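First comes the structure, then the notes that go with it.
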Amino acid sequence: MTDLAAVKAALRNQAVETPSWAYGNSGTRFKVFAQPGVPRTPYEKLADAAAVHTLTGVAPTVSLHIPWDRVDDYAALAKYADELGVRVGAINSNTFQDDDYRLGSVCHPDAAVRRKAVGHLLECVDIMDATGSGDLKLWFADGTNYPGQDDIRGRQDRLADALAEVYARLGDGQRMLLEYKFFEPAFYATDVPDWGTAYAHCLKLGDRAQVVVDTGHHAPGTNIEFIVATLLREGRLGAFDFNSRFYADDDLMVGSADPFQLFRIMHEVLRGGGLTSAVAFMLDQCHNIEAKIPAIIRSVMNVQEATAKALLVDQKALAVAQWEGDVLGANAVLMDAYNTDVRPLLAEVREDMGLDPDPVAAYHRSGRHRRVVAERVGGTQAGWGA
Ligand code: PSV
Ligand code: MN
Ligand code: MN
Numbered sequence: 175m176t177d178l179a180a181v182k183a184a185l186r187n188q189a190v191e192t193p194s195w196a197y198g199n200s201g202t203r204f205k206v207f208a209q210p211g212v213p214r215t216p217y218e219k220l221a222d223a224a225a226v227h228t229l230t231g232v233a234p235t236v237s238l239h240i241p242w243d244r245v246d247d248y249a250a251l252a253k254y255a256d257e258l259g260v261r262v263g264a265i266n267s268n269t270f271q272d273d274d275y276r277l278g279s280v281c282h283p284d285a286a287v288r289r290k291a292v293g294h295l296l297e298c299v300d301i302m303d304a305t306g307s308g309d310l311k312l313w314f315a316d317g318t319n320y321p322g323q324d325d326i327r328g329r330q331d332r333l334a335d336a337l338a339e340v341y342a343r344l345g346d347g348q349r350m351l352l353e354y355k356f357f358e359p360a361f362y363a364t365d366v367p368d369w370g371t372a373y374a375h376c377l378k379l380g381d382r383a384q385v386v387v388d389t390g391h392h393a394p395g396t397n398i399e400f401i402v403a404t405l406l407r408e409g410r411l412g413a414f415d416f417n418s419r420f421y422a423d424d425d426l427m428v429g430s431a432d433p434f435q436l437f438r439i440m441h442e443v444l445r446g447g448g449l450t451s452a453v454a455f456m457l458d459q460c461h462n463i464e465a466k467i468p469a470i471i472r473s474v475m476n477v478q479e480a481t482a483k484a485l486l487v488d489q490k491a492l493a494v495a496q497w498e499g500d501v502l503g504a505n506a507v508l509m510d511a512y513n514t515d516v517r518p519l520l521a522e523v524r525e526d527m528g529l530d531p532d533p534v535a536a537y538h539r540s541g542r543h544r545r546v547v548a549e550r551v552g553g554t555q556a557g558w559g560a
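Here the numbering used here runs 174 ahead of the position in the sequence shown, where the first position is 1.
What follows is the structure, encoded as structure tokens:
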């Protein structure tokens, strides 16, 4: 038996962070298909994020990416967010789009390049101070393409030194979130390829260094929920970067390729107390061919649906079946929850929150897209290739 009132309360209190870059134009290395009405400035990205929050009620924060979201006055940007009813979330660093970073950034063999990269990371902490952001999110494109190209151990030492310097600069209430990715853009050896490497660095740094699980950053067949369970058990799961992959780092809408995997992840989050802790549920997606705001709303809804199904798992029945060694019974408890149509429940939750039960339809009815297309002429790229 599940307590429906508790399930609804948990769903009302859920928060999903949307990324500023998902609102802008993006593409593959083959082509960026520009869409009319995309934001031209970080201010307009915040306005789009606020529209998503107004319709869903559960997307109150926005990740920024520096330098894609560079402005002169970050405090003014944060104030504008506040006026729109949203807040600045994680500050994402970028140490991969500069010619100097051909051989890496914080792991580069040349100390001058490493200094430049660390300088950028420290600037990101300044931006956190100015915006009130609590999270510094680090993803490094560092790695090597050929055996012997550089010293694998030496690069780990350089990485550790850089992380320690930045960690020491964090203020009260600020965290460092370290993301891993098993390959790309480096193909032979990536410097932070897996959760174990990220975890080992975080462990040395201190409690406020935590691991980011980007769902698109794993080899096919990886049991991501096991990683989630392990990191939560160790108190080191800082955040998710949610998206979907079919082949590699595809950055498609979360819950679109494998909703069952998302459910299994959310079930482990729930089991590990991650729904009520400081784990940040962020999206890291790009909408190359589909309309952006409806895609982001749909993604938030997909996270909600997976969460609702996880909350509906009859934990008592599951524990009994597991204890009795009832393999099929235990699996059936999980599958019963997964196979429940939770859309009516989420519609009720939205109505309880004073929202339209169908946020995508409400967005289309609002006429906002037409208005914005007329107002905004000449969009910017999300950042990839910009
Ligand atoms: C590159 O793989 C990446 O998608 C990482 O997942 C980062 O989180 C994101 O770019 C933004 O820098
Ligand atoms: Mn990511
Ligand atoms: Mn990625």
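Glycine included, every Cβ here is placed at the ideal spot set by N, Cα and C.
Note that the structure is a prediction, hence the values are computed from the model and not measured.
Taking a 10 Å sphere around the C-beta of Y354, we find 16 or more other C-beta atoms and assign the residue as buried. The Cβ atoms of I471 and V226 sit closer than 8 angstroms to each other. In the three-state reduction of the DSSP assignment, L449 falls in the coil class. Within the DSSP secondary-structure output, I265 pairs in a beta bridge with L238 and L310. With fewer than 16 neighbouring CB atoms inside 10 Å of its own CB, K490 falls in the exposed class.
Taken atom to atom, the span from the alpha-carbon of A374 to that of K311 is near 17 angstroms. Classified as buried, F437 has 16 or more neighbouring CB atoms from the shown chains inside 10 Å of its CB. Beyond the five residues adjoining it in sequence on each side, W369 comes within less than 8 angstroms, by CB distance, of Y354, V385, V387, I401, T404 and L405 in the same chain, given in chain order. A distance criterion of 7 angstroms places the beta-carbon of H461 beyond contact range of ligand 1, judged by its closest non-hydrogen atom. Here G499 is exposed. Its C-beta has fewer than 16 other C-beta atoms within 10 Å. For E549, the enclosing alpha helix (DSSP H) has its first and last residue at R542 to E549.
Going by DSSP, R419 is part of no alpha helix (DSSP H) at all; its letter is neither H nor E. In this chain, D335 is not harboured by any beta strand (DSSP E); it is covered by the alpha helix (DSSP H) spanning I326 to R343. Residue state for M527 is assigned as coil, using DSSP reduced to three classes. For G390, the distance from the CB to the nearest heavy atom of ligand 3 is below 7 angstroms.
Under the three-state reduction of DSSP output, M350 falls in the strand class.
By the Cβ test, the stretch 475-495 is not in contact with the stretch 233-249, since fewer than three Cβ pairs between them sit closer than 8 angstroms.
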